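S.K.: Per the working numbering, residue 1 is the first one in the sequence shown, and the count goes up by one each step.
Before I ask anything, here is the structure I am working with.
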Amino acid sequence: MRKKERILLKNKSVLLGISGGVAAYKTVDLVRRLKDKGASVVVVITEAAKNFVTPLSLEVASQNRVYSSLFEEPMAHIKLPVAADLVVIAPATANIISKFANGIADDLLSTCLLSYKGKVIIAPSMNWRMYENPVFQENLGKILSLGVMQVGPEKGDLACGEEGMGRMADISDIVETVKGALSRKDLVDENIVVTAGPTREHLDPVRFISNRSSGKMGFSLARAARDRGANVTLISGPSQLKKPVGLTFIQVETAGEMLDAVKEKINDAKVLIMSAAVSDFTPVEKSKTKVEKDEKFTLKLRRTDDIISEVIKSKRKPFIIGFAAETGKNINRAVEKMKKKKMDMIVFNDVTEPGSGFDVDTNRVVIIDKKGRTRLGLMSKDSVAEAVLDRMMKIRA
Ligand code: CTP
């Protein structure tokens with residue numbers, strides 16, 4: 001599985017600049033996560049950062065030499081940036097950001113920044129007083145206006161014991177931003193609506209009918225479309241997953257709420273990806289008080305409205321990708337669903353197969369469309385998402 005995952009950043013080279021903030025200790029994990037996705041990582045570390053993380057651990061994690069001094073290898077300040085597809089500064093201290101903004105080149109990292117011509121991502125990390133300082137904000141504004149991408153910081157407990165804005169972004173958010181910056185941009189400015197997760201249909205204030213969907217597949221699709229340049233609206237039922245950055249997120253609970261949200265957003269959208277496991281039934285009545293167990297109780301259900309069937313009634317029908325989570329190898333059932341609901345594509349998976357289905361990070365799917373079937377092996381849900389979008393691009397072309 002790890003091997004398959006490596007395609008996401010395959011052949012991409014990241015120059016990771018580590019400046020002297022306490023969060024530098026987290027960068028060993030960042031290097032490993034980037035390498036897991038297939039990137040090659042070369043680290044340039046400042047003298048100050050060596051107080052928080054050792055070059056040796058970074059060398060082991062990156063399986064590459066770690067650079068620090070301007071003078072240890074001739075022309076490293078030119079060669080390293082030229083070889084990089086992306087520069088990431090994490091943590092980015094007030095010092096490195098301000099040097100960058102003012103063209104100061106007095107060590108290897110700042111000199112690399114001055115000679116680099118490609119995309120730069122910074123993950124600021126500092127005390128909130130420094131972050132709010134108007135001189136610093138002016139410097140930050142200057143590099144952002146020149147196209148530098150910023151991830152974080154977040155509000156929270158700071159190393160100094162205070163609380164405020166200045167914590168470095170989560171490593172997973174930095175990895176996502178890197179993925180976004182290096183993705184192929186073939187969906188630029190397309191409006192795409194993605195639904196994800198289960199819905200909950202309440203019978204009383206404490207009980208509901210739901211299903212085992214975690215939302216992972218839908219979140220992967222939303223992130224992948226966002227990374228490829230789309231304006232994504234992610235409409236999600238209850239899920240434990242972290243809300244992705246860089247997209248419009250709408251939280252819903254019931255099938256009815258999901259339908260309303262889709263209806264509101266679909267008019268401007270070119271694509272609807274229905275990966276949510278929408279409840280097909282909802283209680284006819286919802287009790288305002290908890291139903292007592294000694295009451296005689298019969299649960300009466302009614303069908304919920306089918307979201308795709310509602311959407312296809314609209315004049316400007318979007319490209320519709322549905323999902324069929326089946327128990328067993330019942331591909332024909334998925335084909336029938338695709339035809340019945342006038343979908344353009346349907347993604348079939350057998351949730352009883354190991355590594356497929358609920359709450360796992362992998363899936364084994366068959367993508368079905370009017371032109372044929374694409375059977376994919378076991379792979380991460382992120383990779384499945386890329387494959388689904390690739391197939392959509394192919395059949396729309
Ligand atoms: N779907 C929908 N609205 C619903 C139920 C499902 O739009 N109320 C969508 C799902 O998001 C999925 C597709 O329809 O993309 C197929 O869903 P599924 O539950 O597998 O199929 P159903 O047609 O509901 O049939 P069944 O439950 O009998 O398998």
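The C-beta atom is built at its ideal place from N, Cα and C for all residues, glycine as well.
These numbers come from a predicted model, not from an experiment.
Distance check for D36 and M1, CA to CA, integer angstroms please.
M.R.: Note that M1 scores a pLDDT of 46, beneath 50, so its modelled location is shaky and nothing firm can be said.
S.K.: First and last residue of the alpha helix (DSSP H) that includes D36?
M.R.: 27 to 36
S.K.: Below 8 Å, is the gap between the Cβ of T304 and the nearest heavy atom of the ligand CTP?
M.R.: The answer is yes for T304.
S.K.: For N363, does the count of other Cβ atoms within 10 angstroms reach 16, so buried, or fall short, so exposed?
M.R.: buried
S.K.: Starting from the Cα of V60, find the closest Cα among T27, A397, L389, I273 and give me that residue.
M.R.: T27
S.K.: Would you decide whether D189 is buried or exposed? Buried here means 16 or more other CB atoms lie within 10 Å of its CB.
M.R.: exposed
S.K.: If you reduce the DSSP assignment to three classes, tell me which class D106 lands in.
M.R.: coil
S.K.: Taking 8 Å as the threshold, find out whether the segment 6 to 19 comes into contact with the segment 151 to 170 through three or more Cβ pairs.
M.R.: Judged by Cβ distances under 8 Å, the segment 6 to 19 makes no contact with the segment 151 to 170, as fewer than three pairs qualify.
S.K.: Could you name the residues of the same chain whose beta carbon sits closer than 6 Å to that of G17, not counting the 5 residues immediately before and after it, in chain order?
M.R.: Contacts found: V44, I89, L109.
S.K.: Is it the case that the CB of E253 approaches a heavy atom of the ligand CTP more closely than 8 Å?
M.R.: no
S.K.: Should the segment 164 to 184 be called in touch with the segment 207 to 217, which here means at least 3 C-beta pairs below 8 Å?
M.R.: Contact between the segment 164 to 184 and the segment 207 to 217 is not established, with fewer than three Cβ pairs separated by less than 8 Å.
S.K.: Alpha carbon to alpha carbon, how far is I78 from A84?
M.R.: 10 Å
S.K.: Locate the alpha helix (DSSP H) running through G180, then write down its first and last residues.
M.R.: 171 to 182
S.K.: According to DSSP, which residues form a beta bridge with Y67?
M.R.: V44
S.K.: Hey, is M274 close to the ligand SAH, as in C-beta under 8 Å from one of its heavy atoms?
M.R.: Absent from the structure shown: the ligand SAH. Ligands present: the ligand CTP.
S.K.: Name the residue from K142, R375, K117, I192 whose alpha carbon lies nearest to the alpha carbon of K265.
M.R.: Of K142, R375, K117, I192, the residue nearest in Cα terms is I192.
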